[in-house]
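Quick mapping for you: the protein sequence lines, in order, are chains A and B. Heads up: the first sequence begins at 1 in the working numbering, then just goes up one per residue. Heads up: the second sequence begins at 419 in the working numbering, then just goes up one per residue. C-beta atoms are modelled at their ideal positions from N, C-alpha and C, and glycine is treated no differently.
2 protein chains.
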Amino acid sequence: MSIVTAEIIAIGDELLYGQIMDTNSHWISQELDAVGVRVVRKTTVGDNRTDILTAFEEASKRANLILITGGLGPTQDDLTKPLLAEYFGCEIVEVPEAVAAVSAYFTRRGREMTRLNILQGHLPTCCTYVPNEVGTAPGMWFEQKGCYWMSMPGVPHEMKKLVKDFVLPKLSQVFDLPVIYHKLIKTAGIGESWLADLIKDWENALPNHIRLAYLPSLGHVKLRLTAFGEDKKVLATEVDEQIHGVLPLISSYVYGYDEETLETAIGKLLKNAGKTLALAESCSGGYISHLITTVPGSSNYLRGTLVPYHNDLKEQLLGVSSATLMQHGAVSEETVREMATGIKKLFGADFGLASSGIAGPDGGSPDKPVGTVWIACAGPDFVEAKLLQLTQDRMINIQLTGVAVLNLLRICFLKHNK
Amino acid sequence: MSIVTAEIIAIGDELLYGQIMDTNSHWISQELDAVGVRVVRKTTVGDNRTDILTAFEEASKRANLILITGGLGPTQDDLTKPLLAEYFGCEIVEVPEAVAAVSAYFTRRGREMTRLNILQGHLPTCCTYVPNEVGTAPGMWFEQKGCYWMSMPGVPHEMKKLVKDFVLPKLSQVFDLPVIYHKLIKTAGIGESWLADLIKDWENALPNHIRLAYLPSLGHVKLRLTAFGEDKKVLATEVDEQIHGVLPLISSYVYGYDEETLETAIGKLLKNAGKTLALAESCSGGYISHLITTVPGSSNYLRGTLVPYHNDLKEQLLGVSSATLMQHGAVSEETVREMATGIKKLFGADFGLASSGIAGPDGGSPDKPVGTVWIACAGPDFVEAKLLQLTQDRMINIQLTGVAVLNLLRICFLKHNK
Numbered sequence: 001m002s003i004v005t006a007e008i009i010a011i012g013d014e015l016l017y018g019q020i021m022d023t024n025s026h027w028i029s030q031e032l033d034a035v036g037v038r039v040v041r042k043t044t045v046g047d048n049r050t051d052i053l054t055a056f057e058e059a060s061k062r063a064n065l066i067l068i069t070g071g072l073g074p075t076q077d078d079l080t081k082p083l084l085a086e087y088f089g090c091e092i093v094e095v096p097e098a099v100a101a102v103s104a105y106f107t108r109r110g111r112e113m114t115r116l117n118i119l120q121g122h123l124p125t126c127c128t129y130v131p132n133e134v135g136t137a138p139g140m141w142f143e144q145k146g147c148y149w150m151s152m153p154g155v156p157h158e159m160k161k162l163v164k165d166f167v168l169p170k171l172s173q174v175f176d177l178p179v180i181y182h183k184l185i186k187t188a189g190i191g192e193s194w195l196a197d198l199i200k201d202w203e204n205a206l207p208n209h210i211r212l213a214y215l216p217s218l219g220h221v222k223l224r225l226t227a228f229g230e231d232k233k234v235l236a237t238e239v240d241e242q243i244h245g246v247l248p249l250i251s252s253y254v255y256g257y258d259e260e261t262l263e264t265a266i267g268k269l270l271k272n273a274g275k276t277l278a279l280a281e282s283c284s285g286g287y288i289s290h291l292i293t294t295v296p297g298s299s300n301y302l303r304g305t306l307v308p309y310h311n312d313l314k315e316q317l318l319g320v321s322s323a324t325l326m327q328h329g330a331v332s333e334e335t336v337r338e339m340a341t342g343i344k345k346l347f348g349a350d351f352g353l354a355s356s357g358i359a360g361p362d363g364g365s366p367d368k369p370v371g372t373v374w375i376a377c378a379g380p381d382f383v384e385a386k387l388l389q390l391t392q393d394r395m396i397n398i399q400l401t402g403v404a405v406l407n408l409l410r411i412c413f414l415k416h417n418k
Numbered sequence: 419m420s421i422v423t424a425e426i427i428a429i430g431d432e433l434l435y436g437q438i439m440d441t442n443s444h445w446i447s448q449e450l451d452a453v454g455v456r457v458v459r460k461t462t463v464g465d466n467r468t469d470i471l472t473a474f475e476e477a478s479k480r481a482n483l484i485l486i487t488g489g490l491g492p493t494q495d496d497l498t499k500p501l502l503a504e505y506f507g508c509e510i511v512e513v514p515e516a517v518a519a520v521s522a523y524f525t526r527r528g529r530e531m532t533r534l535n536i537l538q539g540h541l542p543t544c545c546t547y548v549p550n551e552v553g554t555a556p557g558m559w560f561e562q563k564g565c566y567w568m569s570m571p572g573v574p575h576e577m578k579k580l581v582k583d584f585v586l587p588k589l590s591q592v593f594d595l596p597v598i599y600h601k602l603i604k605t606a607g608i609g610e611s612w613l614a615d616l617i618k619d620w621e622n623a624l625p626n627h628i629r630l631a632y633l634p635s636l637g638h639v640k641l642r643l644t645a646f647g648e649d650k651k652v653l654a655t656e657v658d659e660q661i662h663g664v665l666p667l668i669s670s671y672v673y674g675y676d677e678e679t680l681e682t683a684i685g686k687l688l689k690n691a692g693k694t695l696a697l698a699e700s701c702s703g704g705y706i707s708h709l710i711t712t713v714p715g716s717s718n719y720l721r722g723t724l725v726p727y728h729n730d731l732k733e734q735l736l737g738v739s740s741a742t743l744m745q746h747g748a749v750s751e752e753t754v755r756e757m758a759t760g761i762k763k764l765f766g767a768d769f770g771l772a773s774s775g776i777a778g779p780d781g782g783s784p785d786k787p788v789g790t791v792w793i794a795c796a797g798p799d800f801v802e803a804k805l806l807q808l809t810q811d812r813m814i815n816i817q818l819t820g821v822a823v824l825n826l827l828r829i830c831f832l833k834h835n836k
């Protein structure tokens, strides 16, 4: 088994001029990494003959696999197909099967096919035609001197389907790929360096064929375990054993694995227990409600949300006492506790969550600087509150509050709902 | 004046393996495009000596300007600095000014500087030291045979500050850049091809030195006018005249210019008129409230938001009649009108906005398929409602509803609030 190296080439002026962000190359990197192919370079070039041919030439010297996106539109500024034909020294001819596929695509949509669209079914003779079921530009697969090439359209969902349906299966045929097994442990409520400190002994004792990576994002840290070997089942078992070993050290921070998000995780907790939730968001302004409602089926457990952006609404609807507001202010432990209890009662839910803070950039004081946020969770027979000291950035404060509130619910739920 | 060509090189294994998305190169592309520098290639390579040196070598043959991000950390796997020294054939020596800056950075944060951090103040003798005020890795500027190089850390906000404070001013010194003037016209509520159709005669009559680009995003289309010439003031006047020419054709879709967003635009309308707003979001689940509250100072005009995710809350809190819900259902013109009127009254606001729809993936019926959304705006003496027929995708439906509701407020405000 030798290492397979890959290069990704993205083609299009719009990528160079910053009109469109190339998210394709990033996604392809992740997919190739997951099957043990080593990406050694990513290149973006414009719709320019010399630049594209140079990129082909250079890539072929370094990589066993070259994945190309873009430049396959029907208009004259799209050069990828003629230049691939030129590079491989072959003609472009009509491929009846490909023309029929383009025609069928338009028929399904009740639209007329133009002369230019018919040309999308003309392909270099030296390529294997790869049908694109969700668009008009076909995929093209080339093989030359042990190097494999795939050209795909730049439209993300078309490219992704071609990679998943054709490229990845093909790679395991033409290459002797390592067997790799990945597992993500999802954590919230702890920073990367603290997490690393908690698990350093476990990490140092990992066997050589299991690697650990820390993937931090706002409020979250993902731990990625990657195992290399001969047999996927064996690797899965080994990784699971390692996870059993580390869990006791970090269990209170772990909300799920792989595709799980904090929103889907708390959704499952609530749904399985048949419990409902209500939100009173002040400084987070509806963001937590938005996170929860992005999950299909969230109406099963979310009763609703109130954003009482002004104190009179906190009093009148949530029943926060004016004495509390006068004495402690809207951003205080007392207020946020009354908000959580109030929304639970008002909406007839099992759990009430609340946030109140100074998101910024204005509204801070020496006592309560920008970034001061109180959050609370009220359950059947408890209220827990927590103080967050966040940043100077309004958007980051809103997002971090969202993660912290959902995580507080998770922790309270596990603690009190046994 | 000759064309300045640039290449952007991003360095780091984490970029190739898909652990981090390279947003830096995209941002740099936009900044260079805005000053008339033509980006001809973007390259990403790993922390590998040969690959980095090859990238330097290749780029120097094609570009007048080479911007490098990443690989400047204090640890041994970060190779950019030693390889730049090797490429330019010079030594790395201590730069007292740079060491002092790193030291001051740590002092400000009350943290201890390590031996590795001190090395960040050691730089190649052939570079100009460029202070990094918001991080520990300095910028390095090189000049060789008419080609200019800048190496910057990969942390986005550090890189951005160096580009804005140093690189862009430097470019106008060392290159004879074209004078360019950009203006963005921001529209909502109309698709790209309809917009293009409305303004095609105007577009065809644009003078040669003024270019138009359509930049579509979810629910929005930006029109970017770019003028090339000798004098920025003259260009600005010419572009403004063109905008005066096109506005009568599209005025009802235009919500602002340049940095304006739909959220800030409606915020200004409300604030200037001294009016307040309340939201009742069902299918949008808090997303519109989140959009509005991302704007600093939004508490001046947003009274608050209710997400009545269940019908009983629509009845009890908003006063939607049970007869309406029974007869027409929650997703109906009648319900959404009562929601908008109800929230306006409940929260004591001047305007009430409401959404109710089937975001999906479940809940659709032949009568009301997934993507059916009703929205309404209630003002002092009117209620306007609108039906949206959106997509199969839950997230896209939520986002498009957000844009449509904010745009409905804008239109109603302009129509009724004269």
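Host alpha helix (DSSP H) of residue i (start-end)
i, result
"Tyr-523/B", "514-526"
"Ile-118/A", "115-119"
"Leu-680/B", "680-691"
Sub-8 Å separation of residue i and residue j beta-carbons
i, j, result
"Pro-542/B", "Ala-518/B", "no"
"Leu-624/B", "Leu-630/B", "yes"
"Leu-743/B", "Glu-733/B", "yes"
"Val-254/A", "Leu-247/A", "yes"
"Pro-153/A", "Gly-135/A", "yes"
"Arg-41/A", "Asp-658/B", "no"
"Gly-539/B", "Val-513/B", "yes"
"Gly-360/A", "Gln-389/A", "no"
"Asn-535/B", "Glu-576/B", "no"
"Gly-820/B", "Ser-702/B", "yes"
"Ala-104/A", "Tyr-129/A", "no"
"Ile-266/A", "Arg-115/A", "no"
"Ser-355/A", "Val-405/A", "yes"
Any C-beta of chain A under 8 Å from that of residue i
i, result
"Phe-474/B", "no"
"Gly-531/B", "According to the sequence provided, residue 531/B is Met. The question's Gly does not apply to it. Chain A, which has no Cβ nearer than 8 Å to the Cβ of Met-531/B, makes this no."
"Gly-760/B", "no"
"Tyr-398/B", "Chain B is shown only over 419 to 836; residue 398/B falls outside these bounds and no answer can be derived."
"Asp-780/B", "yes"
"Ser-717/B", "yes"
"Gln-448/B", "yes"
"Thr-723/B", "yes"
"Gly-609/B", "no"
"Tyr-705/B", "yes"
Boundaries of the beta strand (DSSP E) in which residue i is found, first to last residue
i, result
"Thr-43/A", "38-45"
"Phe-800/B", "First-last for Phe-800/B: undefined, no H or E at that position."
"Tyr-181/A", "179-188"
"Ser-774/B", "769-775"
"Phe-646/B", "638-647"
"Leu-317/A", "No beta strand (DSSP E) holds Leu-317/A; DSSP gives it neither H nor E."
"Val-307/A", "302-308"
Contact with chain B by residue i, beta-carbon distance below 8 Å
i, result
"His-157/A", "no"
"Phe-106/A", "no"
"Leu-409/A", "no"
"His-310/A", "yes"
Residue i - partner residues in DSSP beta bridges
i, result
"Met-558/B", "Tyr-547/B, Ser-569/B"
"Tyr-421/A", "The requested residue 421/A is not part of the displayed model; chain A covers only 1 to 418."
"Arg-211/A", "Thr-226/A"
"Ala-10/A", "Thr-44/A, Thr-69/A"
"Val-790/B", "According to the sequence provided, residue 790/B is Thr. The question's Val does not apply to it. Answer is Gln-807/B, bridged to Thr-790/B."
Contact list for the stretch 33-58 of chain A against chain B, Cβ threshold 9 Å: Asp-33, Ala-34, Arg-38, Val-39, Val-40, Arg-41, Lys-42, Thr-43, Thr-44, Val-45, Gly-46, Asn-48, Asp-51, Thr-54, Ala-55, Glu-58
Cβ-based contacts, 8 Å cut-off: residues of the stretch 371-402 of chain A near chain B: Arg-394, Met-395, Ile-398
Residues, ordered as in the chain, of the stretch 16-28 of chain A that lie near chain B by beta-carbon distance below 9 Å: Leu-16, Tyr-17, Gly-18, Gln-19, Ile-20, Met-21, Asp-22, Thr-23, Ser-25, His-26, Trp-27, Ile-28
The stretch 624-635 of chain B: positions lying closer than 9 Å to chain A by Cβ: Ala-631, Leu-633
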